[in-house]
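Trainee:
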C-alpha cells in the first residue's frame, strides 16, 4: 500500500482537474492573482531595464568612451589653462579638450503644447585631438570621411548630428540648423552624422573654437577627455593636481550616477508589484484552504485506501505548485506583452520622468523571467503549506462523516504568532535604509500584512464575543453571530482575502493622496507671484543684465525677482545638486529656520530636505561649496521642502552668487503685477521684450496653470501605482465573492439540518446575509486599520528613504468609505446568492447519512 500511487503526477493532475471543473472561478482567480503579481513585476523590470540601458548608452555616447574625464563641477566650466597642465603629465597618453553645453532647437514648451522643439547636447571639440581619445565624437561627412585635417569639412559653420538628433529635427546633410546655447543663437550647416553615437543620445558636434567664440565660452572648457597610460597610478596623479572646481569622472562613477538617478523609483515600482504578488499568495491560501475544507471526505477516503499523510501533504503541495506554475507562465507572457505595449505607446519612462528622452529597446530577459516566475511558484507553494498540513492532521473517521471542519468552540485561536509578526513589522519600520533603499520598510509592510491576516480568527472571536454572550431575539442574527463566534477559523479564511487586498488598496490610496496633497500645498507655497518665467535648457547662460532691465521695465509690473539656477557636483558619483541664487526675500516653503546671525566669512544658505538627507548637512552647520572655481563657506540657516529636485538644492542670495561667480545672468524670474493689470497682456509684452535668441526657450506660466501641469505630471508619474490599486480592488472584490460562495456551498449539511429542525429558508438566507455583511464589515475595517498602518510606513519610512523628502498625511475619506461599503455589500450579496444555490434539494439530502 505504500506504493499506492503508480505515478507521481497522474493522480495529482486528475484530482486537480476535477477541482478545476467543479470550481473554475475560484481556482482561476488564484492563478490570476499570481499571474498579475508576476506580470507587473516582470513588466516593470523589463521596461526599466531597457530604459536604463538606453540611458546608459546615451551617457556613454556623450562621454565618447574616454578612459576618464576631468569635468567641471558646474556649467561655469574650467579654466582652459588646466588643459596644458594635464597634457604634460607622464600618465596622460592623449587628451581632448571639450566644450559641452545644453542647447535647444525650435520652441521648448510645457507638456501638452503642440510646439515643436527639443533639447540636445552641444559638444565642441578639436577633431585632431579627439580622433585618438573619443573617435566616436568625430563626425563623418557626406562622403563617409571624418574630415580630420580637412578645413572644408570642419569649416566654421559645420555641425554633425547624431542619428537620434537627426531623426528628431528631420535635417539632412546640407540643411541649415539654427539653435540656441548659453543664451546665444547661431546658425550652422549640417555636414554629416555621428555614426558611432548610436540611436540613444541627441548630440551635435562643432569645432571647439566655434563653440567658445559663438557661445561666450572663451577661455573655458567643460571637460577634458583623457587616454591614460595605466589605470590606478594615473588616476591618483590626476586627482592630485585637479583644482577645486574640477572632478575626476570615471566610467564607473558615471554609470553609478546614471543608475542612481532612477534607482529608488525603479525599486519602489518593483516592490509594489511584489506586494501585489504577496496579496495573490493570500488568495491562493484562501482558495486552497476552502478547497481542502470541502474535500476532506475525499482525502479521508484516500487515507483509508492507503495514502499516507506525507503523501497527502505532497499531493496538496503539488496542487499549489501547479497553480503557481500556471500563474507564473501566464504572468511572464502577460508581463512581456504589457512591457511591449508600454514601450511602444509610452517609451521607457513609466511616468517617472527619468527616461523621457530615451528610446528603449525591449528584449526578453530570460533570467528575470525565471526569477519572477520562481517568485510566483514560491508564493503559491507558501500559500499551500498551511492548508496541506491542516488536511493531514484531520482524522479520517471524522472527515468521512463531514466533521473534520468542526473545531472546538471552546478553544480560542492563538494570537501570539500574529502579534509577534506585527511587532517584528513595527521594529523593521524603525530600521535605516540599506544600500540607500528602504528594504526594511518593505519588509515591515510584508510582516504587518502577514500578521494582520493571521490575527483575523482571534480578532473575529474577540469582536463577536459580546454579541455571542448577550444573544439576540431575532433568530437569523443569533445564528449568524454564534456561527462566526464558534468557527473563527472559517471566518479567518473568508477574511484573509478581504484584509490583504483592502490593506494594500488603503495603503497605496493613502500614500498617493498624501503625496498629491503635499505637492499641491507645496506648489501653493512655492508660487506666490502672479507670473513666472523659466528658460529651459539655459544652464550655461540666460538673460544678461540688459535683458533683465528690459523685462523689469514692462508696464504693469509691480515687482520682479530674478533667479539664477546652476547645477554643481558635490559628489562625483551622485547627480548634481541645484544651486538657486535668488534676489530679495527667499520664496521657498521653509520647514525650519534659525534666527542665529550668519557667522563672519560665510554666506547664509537654505538647503532642501533631500540635500540634508543625502549629505548630512544640518541647520547651524558650515559647509563648503565650490562656486566660481573657489570653495565658498555656507552657513546652513534652514531647511525647506522641495519636491522638484530629488538630489538636493541650495538657496543662496543672488548678490553673493554674482560676487562669487562673476555671472550676472538669470534663468528664471517671478513677476508681481500691479492691481488691475491684465496678466495676458503683460505676458505678451514680456515675451516681446525677450532677446530673440532665448524666445524659443522661454516658458511663461501662471500659478494655476503651473499647478495643473504639475499635478498632471504627478498623476502620470503614479499611473502604474493607480493601475496596481485598481487591480488590487478588482482582485479583492472577486476574492471576497468566491471565498463566501465556496464557504456557503461547503455548508450544505448544516443548512439541511436547519431545514429539518424547522428553520425557514427565508431565515437561513437572512442569516447568511448577516454573516456575509458582518464578516465583510470586520474584514473591511480590519483591512482599513492595517492599511492605515502600512500607509504610515510608506509615508514616514519608504518615501523619505527612497526620495529623501517628507510629506503630510492625508486621508481620502470618500474613497475609503466607498471601499468599505463595496466590500460589505459584495460579501453580504454573495453569501445570499450562494445560499440560494445551496438551499435546494441537495441541502435536504446532505444529511441523509445521519438518518
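In my numbering, the protein residues as written are 10 to 860.
From the three backbone atoms N, C-alpha and C, an ideal C-beta is built for every residue, glycine too.
1) Under the DSSP definition of a beta bridge, which residues are partnered with residue 639?
2) Could you say if the stretch 226-239 and the stretch 78-90 meet the contact criterion of at least three C-beta pairs nearer than 8 Å?
3) For residue 688, tell me which candidate among 810, 807 and 564 has the shortest Cα-Cα distance.
4) Buried or exposed for residue 95, going by 16 or more other Cβ atoms inside 10 Å?
5) Quick check on residue 224: does DSSP put it in helix, strand or coil?
6) Rounded to the nearest angstrom, what separates residue 723 and residue 809 at their Cα positions?
7) Within a Cβ cutoff of 7 Å, which residues of the same chain sit near residue 304, ignoring the five residues on either side of it in sequence?
8) Quick one: what's got a C-beta closer than 6 Å to residue 699's C-beta in the same chain, skipping five residues either side?
9) Can you tell me the Cα-Cα spacing of residue 521 and residue 45, whole angstroms?
10) Kindly provide the ranges of any alpha helix (DSSP H) runs that are 4 or more residues long and lie completely inside the stretch 684-714, ordered along the chain.
11) Just to confirm the assignment: which complete alpha helix (DSSP H) runs, minimum length 4, are found wholly within the stretch 293-356?
12) In terms of residues, what are the limits of the alpha helix (DSSP H) holding residue 812?
13) Quick one: what's got a C-beta closer than 7 Å to residue 534's C-beta in the same chain, skipping five residues either side?
14) Using DSSP bridges, identify the partner residues of residue 236.
15) So, with DSSP's three-state summary, where would you put residue 143?
16) Would you list the one or two residues that DSSP bridges to residue 109?
17) Where does residue 882 fall in DSSP's three states?
18) Residue 686 to residue 632, Cα distance in whole Å?
19) Using a Cβ-Cβ cutoff of less than 8 Å, which residues in the same chain neighbour residue 881 once the five nearest sequence positions on both sides are dropped?
20) Pick out the complete beta strand (DSSP E) segments inside the stretch 504-570, 3 residues or longer, and give them in chain order.
21) Of all the alpha helix (DSSP H) runs that stay within the bounds of the stretch 600-660, which reach a length of 4 or more residues?
22) For residue 665, which three-state DSSP category applies?
23) Going by beta carbon distance, what residues of the same chain come within less than 6 Å of residue 690, once the five residues before and after it are set aside?
24) Under 8 Å Cβ to Cβ from residue 196, same chain only, skipping five residues before and after it: list those, please.
25) Would you mind giving the Cβ-Cβ distance between residue 789 and residue 388, rounded to the nearest angstrom? I have them listed as a contact below 8 Å.
26) How many Å lie between residue 13 and residue 323 at the Cα?
27) For my contact list, residue 703 and residue 544 are in at a C-beta cut-off of 8 Å; report their separation, rounded to the angstrom.
28) Taking just the CA atoms, how far does residue 399 sit from residue 655?
29) How big is the Cα-Cα spacing for residue 307 and residue 325?
30) Here's a check: name, in chain order, each residue in its chain whose Cβ is nearer than 7 Å to the Cβ of residue 386, leaving out the five neighbours to either side.
31) Please work out which residues of its chain come closer than 6 Å, Cβ to Cβ, to residue 807, disregarding the five sequence neighbours upstream and downstream, and give them in chain order.
32) Assuming residue 244 contacts residue 230 (C-beta within less than 8 Å), just tell me the rounded distance between them.
33) Using 8 Å for Cβ pairs, my map puts residue 645 next to residue 612. What's the rounded Cβ distance?
34) How is residue 160 classed by DSSP in three states: helix, strand or coil?
35) Measure the Cβ-Cβ separation of residue 577 and residue 676 and say whether it is below 8 Å.
36) Pick from 134, 33, 115 and 513: whose alpha carbon is nearest that of residue 280?
Mentor: Quick look at the numbers:
1) Note: residue 639 sits in a beta bridge opposite 636.
2) Yes, they touch.
3) Closest option to residue 688, Cα to Cα, is 564.
4) Counting other Cβ atoms within 10 Å of its Cβ, residue 95 reaches 16 or more and is therefore classed as buried.
5) In the three-state reduction of the DSSP assignment, residue 224 falls in the coil class, being assigned neither a helical nor a strand state.
6) Roughly 17 Å between the two C-alpha positions.
7) Short of 7 Å from the beta carbon of residue 304, and not among the five residues preceding or following it, lies no beta carbon of its own chain.
8) Residues of the same chain with a CB within less than 6 Å of the CB of residue 699, apart from the 5 flanking positions on each side, are 707 in chain order.
9) Roughly 21 Å between the two C-alpha positions.
10) Taking only runs of at least 4 residues, the alpha helix (DSSP H) segments lying wholly in the stretch 684-714 are 688-698.
11) Listed in chain order, the complete alpha helix (DSSP H) runs (minimum 4 residues) inside the stretch 293-356 are 305-313 and 318-355.
12) Unbroken alpha helix (DSSP H) run through residue 812: 808-812.
13) Correct list, in chain order: 598.
14) DSSP lists 103 as the bridge partner or partners of residue 236.
15) Of the three classes helix, strand and coil, the one that applies to residue 143 here is coil, per DSSP.
16) Partner(s): 132.
17) Outside the displayed span of the chain (10 to 860) sits residue 882, for which this structure offers no information.
18) Each residue's alpha carbon lies about 44 Å from the other.
19) In the structure displayed, the chain extends from 10 to 860; residue 881 sits before or after that span and is not available.
20) You should have 540-544.
21) List check, alpha helix (DSSP H) in window: 618-624.
22) Shown here, residue 665 sits in a helix according to DSSP, grouped into three states.
23) In its own chain, leaving out the 5 sequence neighbours on each side, no residue places its CB closer than 6 Å to the CB of residue 690.
24) Cβ neighbours of residue 196 beyond the five flanking positions: 166, 185, 186 and 187.
25) Between residue 789 and residue 388, the beta carbon gap of about 24 Å keeps them out of contact (Cβ cut-off 8 Å).
26) Because the pLDDT at residue 13 is just 44, under 50, the model does not fix this residue reliably, and the point stays unresolved.
27) Confirmed, Cβ separation roughly 6 Å.
28) Those two C-alpha atoms are separated by around 50 Å.
29) Rounded to whole angstroms, residue 307 to residue 325 spans 13 Å at the Cα level.
30) Same-chain partners within the cutoff: 330, 333, 334 and 337.
31) If we look at residue 807 and ignore the five residues flanking it on each side, its Cβ neighbours are 447 and 450.
32) That pair is no contact at about 19 Å.
33) With a contact defined as Cβ atoms closer than 8 Å, residue 645 and residue 612 miss out at about 11 Å.
34) At residue 160 the pLDDT is 46, less than 50, meaning the model places this residue with poor confidence; the figure from the coordinates comes in the next sentence. Here residue 160 sits in coil by DSSP.
35) Going by C-beta atoms, residue 577 is not nearer than 8 Å to residue 676.
36) It is 513 whose Cα lies nearest to the Cα of residue 280.
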